[in-house]
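These notes are about the structure you will find just below.
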Amino acid sequence: MSTAVTAHYTSTGQDTRKIAFWTFIGSECLLFGTLIATYLSYEGRSVVGPTPQEILNIPLTSVSTFVLLMSSLAMVLALAAVQRGDNLYAKVWLATTAGLGSIFLGFQAFEFTAFVHEGLTISTNLFGSTFFVLTGCHGLHVLVGVIWLSTLLILAFRNKLGSDKSMNVEIAGLYWHFVDVVWIVIFTVVYLIQRGPAA
Amino acid sequence: MLATGMGAVADSYFGAVSMLIAIPTGVKILNWIATMWGGQIRLATPMLFSIAFIMLFTIGGISGVMHASPPTDLQQTDTYFVVAHIHYVLFGGGFMGIFGAIYYWWPKVFGRLLDERLGKLHFWLVFIGMNLTFFPMHLIGLLGMPRRVYTYPAELGLGGMNFAATIGALIIGLSTLVLIANIWYSSKHGEKAGKNPWGAATLEWAMSSPPPVYNFSVIPEVSSRLPLWTVGGMTEVPDVPPEPVHVPAGSYWPAMAAVGIVVFFTGALTQSLWLAVAGGAVLAVSVFKWAFEPFEM
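Protein chains in written order, with our numbering: chain A, 2 to 200; chain B, 30 to 326.
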């Protein structure tokens, strides 16, 4: 139970805010589930235009995936630092997480613009539509996460992120890890597992 | 589904599940009757609406199960018969229930009862109006008037029943005015409701009307299904909380965040970049203000 602002009544043994956030993550699973299902429904059925096989750059995206995975590691270290009251390393690791997340976003921006130059836009074909909506939605979630982490970082600089605020950081961590897991699924489904176009 | 031409297997499936729905529905109807059985029924306005609900919902259910049979459904589908069925279920069933709930819980929410005579007037108007509007639709539907049209050749002989339905609809409209008048009257001269104006048995009637923002100052221990009618059914709840109750104060930042979302998606739909950016900015500012708002009692 958190020791933050007065009594956060809990009857379940878990902090209610954490349970509430897991509920939100549940709804996000449904959101990404629909987008991934749509991608899979239309996969291989584009009539024209660049296909995944032609345009996706797996080595490059593997690097960005690794970057995002390392950001989750940094997130764990940030939470540990906050929990033991280590403000210096809290700042270090929060900044690292946000920074690595921003690098991931940079990779995504590069990839999107490169695709557009190569002739794949959201309205080119089924692959373009499903790909950009799915990865774009994910990218927006990463952006929101980076903003959230930056806010926590600013709080840490103002010495307002003591160990009593660890639940805030833990919940931010839940969000960040969720976004990372979603990316793992997207990377696997979109980039790694490619079936050829329907005969 | 039975008129889509999908074949015998589909017809069997959809017909069967439609009929199966009638079983739990029937159980519910009998539950509700059993709830009233042996009780001292007081025919106040909420009770009138509840009884009307049971009756009209049953009628709607009967016309519904007639749709479950493929041959009859081929006659009835896309006609006014369906309209009659759905309105008996949704209006006669759902809406009557909602009206009953409004009259029942109004004193708890607003601290004043709705006027009983106006309530009964509203009830009878809406009951008569509803039946006058929707019962003839069973007949004109079976005589062939299609759904979603309001014109028809005069020689079909449907004019009389359609006219009756129109009168019924006007009566329903009139009844709504009665309800609005009742609400207005109650806000000025309504009888003040104490904790339990209906003498009801359940927990919400243990608190004042309207209840304090924290509702129950302590969580009572409840040992009966009908706590207020049972001696020792629930432990005492003090009127003044023994220790300060922590309740977040109201805030308009959540609503502002919603406004930001609306503006953002309007910009996205109208392909206006500046609208989208503006909406996003409003959303971001509102979320930050909301998150950092001090937690007040």
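Idealized CB from N, CA, C, for every residue including glycine.
Because the structure is a prediction, the values reported are computed rather than measured.
Boundaries (first-last residue) of the alpha helix (DSSP H) holding A:Y40: If you number the first sequence from 1, residue 40 of chain A lands on position 39. For A:Y40, the enclosing alpha helix (DSSP H) begins and ends at T17 to Y43.
Output the residue ranges of the beta strand (DSSP E) runs that lie fully inside the segment 69 to 117 of chain B and measure 3 residues or longer, sorted by chain position. As far as the segment 69 to 117 of chain B is concerned, it has no whole beta strand (DSSP E) run of at least 3 residues.
Extent of the continuous alpha helix (DSSP H) to which A:N160 belongs: Numbered from 1 along the first sequence, position 159 holds the residue referred to as residue 160 of chain A. Here A:N160 belongs to no alpha helix (DSSP H), and DSSP marks it neither H nor E.
Contact defined as beta carbons within less than 8 Å: I believe A:W177 pairs with A:T98. What is the distance between those atoms, to the nearest angstrom? Taking the first sequence and counting its residues from 1, the one referred to as residue 177 of chain A is at position 176. Taking the first sequence and counting its residues from 1, the one referred to as residue 98 of chain A is at position 97. Rounded to the nearest angstrom, the Cβ distance from A:W177 to A:T98 is 7 Å, consistent with a contact under 8 Å.
In whole angstroms, what is the alpha-carbon distance linking A:V143 and A:A96? The residue labelled residue 143 of chain A in the question sits at position 142 within the first sequence. The residue labelled residue 96 of chain A in the question sits at position 95 within the first sequence. Rounded to whole angstroms, the gap between the alpha carbons of A:V143 and A:A96 is 15 Å.
Residue range of the alpha helix (DSSP H) that includes B:D40: The count along the second sequence starts at 1 and reaches residue 40 of chain B at position 11. Counting along the chain, the alpha helix (DSSP H) containing B:D40 begins and ends at A37 to M65.
Nearest neighbour of B:I248, chosen from B:D268, B:S238 and B:N60 [CA to CA]: As a working mapping, residue 248 of chain B is identified with position 219 in the second sequence. For B:I248, the closest C-alpha among the options B:D268, B:S238 and B:N60 is that of B:D268.
With respect to the alpha helix (DSSP H) encompassing A:E119, which residues constitute its N-terminal and C-terminal limits? For the purposes of this step, residue 119 of chain A is taken as residue 118 along the first sequence, with counting starting at 1. Premise fails: A:E119 is in no alpha helix (DSSP H) and is neither H nor E.
Buried versus exposed call for A:I172 [16 or more other C-beta atoms within 10 Å across all chains shown]: Working through the first sequence from its first residue, we reach residue 172 of chain A at position 171. So A:I172 ends up on the buried side.
Is the distance from the Cβ of B:F78 to the Cβ of B:M125 below 8 Å? Working through the second sequence from its first residue, we reach residue 78 of chain B at position 49. Working through the second sequence from its first residue, we reach residue 125 of chain B at position 96. Yes; because the gap between Cβ atoms is below 8 Å, this pair is in contact.
Is the CB-CB distance between B:G158 and B:G197 below 8 Å? Translated into positions along the second sequence, residue 158 of chain B becomes position 129. Translated into positions along the second sequence, residue 197 of chain B becomes position 168. Going by C-beta atoms, B:G158 is nearer than 8 Å to B:G197.
Flag A:Q84 as yes if its beta-carbon sits less than 8 Å from any beta-carbon of chain E, otherwise no. No chain E is part of this structure, whose protein chains are labelled A and B.
Using the Cβ count rule (16 or more neighbours within 10 Å means buried), how would you classify B:G228? As a first step, residue 228 of chain B must be located in the second sequence, where it is residue number 199. Exposed, because fewer than 16 other Cβ atoms sit within 10 Å of the Cβ of B:G228.
Measure the alpha-carbon distance for B:M15 versus B:G129 and round it to whole angstroms. Shown here, chain B extends from 30 to 326; a query on residue 15 of chain B therefore has no answer.
Reference A:F22, options A:L193, A:H139, A:F188 and A:G174, closest by Cα: Stepping through the first sequence from its first residue, residue 22 of chain A is reached at position 21. Nearest C-alpha to A:F22: A:G174.
Less than 8 Å between the CB atoms is what I'm expecting for B:L304 and B:V292, so what's the real figure, rounded? Residue numbering aside, residue 304 of chain B sits at position 275 when the second sequence is read from its first letter. Residue numbering aside, residue 292 of chain B sits at position 263 when the second sequence is read from its first letter. The beta carbons of B:L304 and B:V292 sit about 6 Å from each other, so the pair counts as a contact at 8 Å.
Examine the Cβ distances between the segment 46 to 65 of chain A and the segment 119 to 137 of chain A and report whether three or more of them are shorter than 8 Å. Flag = yes, the segment 46 to 65 of chain A and the segment 119 to 137 of chain A touch.
A:V170 beta carbon less than 8 Å from that of A:S103: The residue labelled residue 103 of chain A in the question sits at position 102 within the first sequence. The residue labelled residue 170 of chain A in the question sits at position 169 within the first sequence. Not closer than 8 Å, so no.
Using only the alpha-carbon positions, how far apart do A:V186 and A:L135 sit? Taking the first residue of the first sequence as position 1, residue 186 of chain A is located at position 185. Taking the first residue of the first sequence as position 1, residue 135 of chain A is located at position 134. Using only the alpha carbons, I get a separation of about 11 Å.
For B:F141, write down the residues that DSSP places opposite it in a beta bridge. Within the second sequence, numbered from 1, the residue matching residue 141 of chain B stands at position 112. In the sequence as displayed, the identity of residue 141 of chain B is Arg instead of Phe. According to DSSP, B:R141 bridges with B:K221.
I need the boundaries of the alpha helix (DSSP H) containing A:W184, first residue and last residue. Against the first sequence, residue 184 of chain A aligns to sequence position 183. S167 to I187 is the extent of the alpha helix (DSSP H) around A:W184.
What residues in its chain sit with their C-beta under 6 Å from that of B:M30, if we drop five residues either side in the sequence? Taking the second sequence and counting its residues from 1, one reaches residue 30 of chain B at position 1. Excluding the 5 residues flanking it on each side, B:M30 has same chain C-beta neighbours closer than 6 Å at F43, in chain order.
Along the chain, where does the alpha helix (DSSP H) containing A:I59 start, and where does it finish? Within the first sequence, residue 59 of chain A is the residue found at index 58, counting from 1. I59 to Q84 is the span of the alpha helix (DSSP H), which, as asked, contains A:I59.
Using a Cβ-Cβ cut-off of 7 Å (strictly less than) and excluding sequence neighbours within five positions of A:G27, which residues of its own chain qualify? Counting from one through the first sequence, the residue named residue 27 of chain A turns up at place 26. The answer is none, since no qualifying residue turns up.
Can you tell which of B:E233, B:K137, B:M174 and B:N191 has the C-alpha that lies nearest to the C-alpha of B:P239? Residue numbering aside, residue 239 of chain B sits at position 210 when the second sequence is read from its first letter. If we check each option's Cα against that of B:P239, B:K137 comes out closest.
Secondary structure of B:M174, DSSP reduced to three states: Reading the second sequence from its first residue, position 145 is the one you call residue 174 of chain B. Looking at B:M174 - three-state DSSP - the assignment turns out to be coil, as it is neither helix nor strand.
Restricting to Cα atoms, I'd like to know which of B:L72, B:T33, B:S98 and B:R146 is closest to B:S47. One-based indexing of the second sequence puts residue 47 of chain B at position 18. Checking every option, the nearest Cα to that of B:S47 belongs to B:S98.
Does the segment 204 to 219 of chain B come close enough to the segment 174 to 182 of chain B to have 3 or more Cβ pairs within less than 8 Å? A contact between stretches requires three or more CB pairs, one per stretch, nearer than 8 Å, and the segment 204 to 219 of chain B fails this requirement with the segment 174 to 182 of chain B.
So, is B:N60 buried or exposed, given that buried needs 16 or more other C-beta atoms within 10 angstroms? Along the second sequence, read from residue 1 onward, the residue named residue 60 of chain B stands at position 31. Using a 10 angstroms sphere on the CB of B:N60, the tally of other CB atoms stays under 16, which defines it as exposed.
Can you tell me which of B:A39, B:K224 and B:G261 puts its alpha carbon nearest to the alpha carbon of B:G140? As a working note, residue 140 of chain B is residue 111 in the second sequence. Ranking the options by Cα distance to B:G140, first place goes to B:K224.
Taking C-alpha atoms, which residue in A:Y192, A:F108, A:I20 and A:Y90 lies nearest to A:V68? Here the question's residue 68 of chain A lines up with position 67 in the first sequence. The alpha carbon of A:V68 has as its nearest neighbour, out of A:Y192, A:F108, A:I20 and A:Y90, the alpha carbon of A:F108.
Is B:I62 near B:I83, with beta carbons less than 8 Å apart? Looking up residue 62 of chain B in the second sequence gives position 33. Looking up residue 83 of chain B in the second sequence gives position 54. Cβ atoms of B:I62 and B:I83: closer than 8 Å.
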